[in-house]
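Reviewing the structure listed below.
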Amino acid sequence: DQRAAEGKIHSEHRLWLTSDPSPKFPVTILQNGVKVTNEPPRGMRANMSRTFADLTEAEYDGSETWKKLLFSLVFYNALILER
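Quick note: the sequence shown uses this note's numbering, first residue 203, plus one each step.
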């Protein structure tokens, strides 16, 4: 607070916060901030398709073991987001 009062905070400073909805989170921060949301697609297939679409060819290329590991990770992530 003292630095802000003295004008010592850089003019391009940005603070990113992430939070689940909570009654303990200060409402004033939400009211004064810019809100950005990112909702995962609904459904396992849509979620996995979006993840694979975000991968470059170089990230996907590799051995069969790598592709199986990557698929398992993408599947697990989609499953957790769907719960």
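Each residue gets a CB set at the ideal place from its N, CA and C atoms; glycine is no exception. These numbers were taken from a predicted model, which means no experiment stands behind them.
Is the distance from the Cβ of residue i to the Cβ of residue j below 8 Å?
i	j	result
N279	T253	yes
E284	M246	yes
L275	Y262	no
Determine the burial state of residue i: buried for a count of at least 16 other Cβ atoms within 10 Å of its Cβ, exposed for fewer.
i	result
N249	buried
Relative to the C-alpha of residue i, which residue among the options is closest?
i	options	result
S224	L217, W218, L232	L232
For residue i, I'd like the list of residues in its chain whose CB is within less than 6 Å of its CB, leaving aside the five on either flank, ordered along the chain.
i	result
V229	none
Quick check: the Cα distance between residue i and residue j, rounded to an integer number of angstroms?
i	j	result
I282	E208	46 Å
F227	L219	11 Å
D222	K269	33 Å
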